[in-house]
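Peer 1: Quick one: structure below, then a few questions.
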Amino acid sequence: MSAIIRNLSSYLPDELERNIFLLAGTNSPSNIPRYLSVAERVRNWLEPILYWVVDINDEEKAKLFISCLQLRPGFAKTSVKVLHLRPTVSPEQGAKILALCQGLQELTLQIVNCTNLLDEENLLHGPLRDLWPTTLCMNIASVFYGPNICLPDLVLLRHVQRLHLTNGWVARRGLFIGLHKLSQLTHLSFHICSPGQWMTHPEVLFEIFQRFLRL
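The numbering of the sequence shown is numbering that gives the first Met the number 0, which starts it at 0 and goes up by one.
Structure below.
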């Protein structure tokens, strides 16, 4: 099959050939590794598709990702647009991955800082300050350890328009962490605790949503 593709591609205009491979790769991502061996130019066209969405859910995948891309920071910055970092990834590995993926449009951040480090000592803070995502799903424990939480102070949120917070207590204490001051948001969601757990105060939710004219 690869030989046939090579023969056909030699007769096609570059732009048409590129579009054919991009369409084939987009429609069937599982076949991209086979297409990469056709030619170097095809690798350059298709390899970014493999890294467009990255889901890292354990330490082994984190190490593999870092080892593959740490010598290609420019490629990582331009190719990785959606990144999911699950709770099983350590802050150390997460910080290295975030430092590589500085071109993110969407980020899921579930890493939990379980140490007693001050917030400014959190390894994630440095690379997070350089990100400009517009969509963010976040566990607040990723960036705040102590009780003093102020979301408007978090530089990561400056361009976020779609925000999902996974912490169930946000529905009760959103006003105390400055959630209502993130006026740039167009979409906001968070978990509501089930009956029998902490109570959700409707007046708190009403006050929060009343502040968002763009939602």
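A virtual CB, placed ideally from N, CA and C, is assigned to each residue, including glycine.
(1) Decide if HIS190 is buried, meaning its Cβ has at least 16 other Cβ atoms within 10 Å, or exposed.
(2) Rounded to a whole number of angstroms, what is the C-alpha to C-alpha distance between TYR218 and LEU21?
(3) With distances taken between CB atoms, is the gap from LEU108 to SER78 smaller than 9 Å?
(4) For ASP222 and THR25, which I take to be in contact (beta-carbon distance under 8 Å), what is that distance rounded to the nearest angstrom?
(5) Select from PHE208, ILE55 and MET137 the residue whose C-alpha is nearest the C-alpha of ARG171.
(6) Whole angstroms is fine: what's the gap from LYS80's alpha carbon to ILE139's?
(7) Cα separation between PRO151 and GLU59?
(8) Evaluate HIS124 with the Cβ neighbour count: other Cβ atoms within 10 Å of its Cβ, from every protein chain shown; 16 or more gives buried, anything less gives exposed.
(9) Looking only at its chain, what residues have a beta carbon closer than 7 Å to the beta carbon of PHE74, apart from the 5 residues adjacent to it on each side?
Peer 2: Well, looking at it:
(1) By 1-based counting over the sequence shown, the position of residue 190 is 191. Burial call: exposed.
(2) Coverage of the chain is limited to positions 0 through 214, which leaves residue 218 absent and any answer about it impossible.
(3) Within the sequence shown, residue 108 is the residue found at index 109, counting from 1. Within the sequence shown, residue 78 is the residue found at index 79, counting from 1. Cβ distance not < 9 Å, so LEU108 and SER78 don't count as in contact.
(4) Nothing about residue 222 can be read from this structure; the chain reaches only from 0 to 214.
(5) Residue numbering aside, residue 171 sits at position 172 when the sequence shown is read from its first letter. Residue PHE208 is the option with its Cα nearest to ARG171.
(6) As a working note, residue 80 is residue 81 in the sequence shown. As a working note, residue 139 is residue 140 in the sequence shown. Roughly 22 Å separates the two Cα atoms.
(7) Translated into positions along the sequence shown, residue 151 becomes position 152. Translated into positions along the sequence shown, residue 59 becomes position 60. Each residue's alpha carbon lies about 34 Å from the other.
(8) Here residue 124 is taken as the residue at index 125 of the sequence shown, counted from 1. Flag for HIS124 reads buried.
(9) Counting from 1 along the sequence shown, the entry for residue 74 is found at position 75. Result list for PHE74: LEU68, in chain order.
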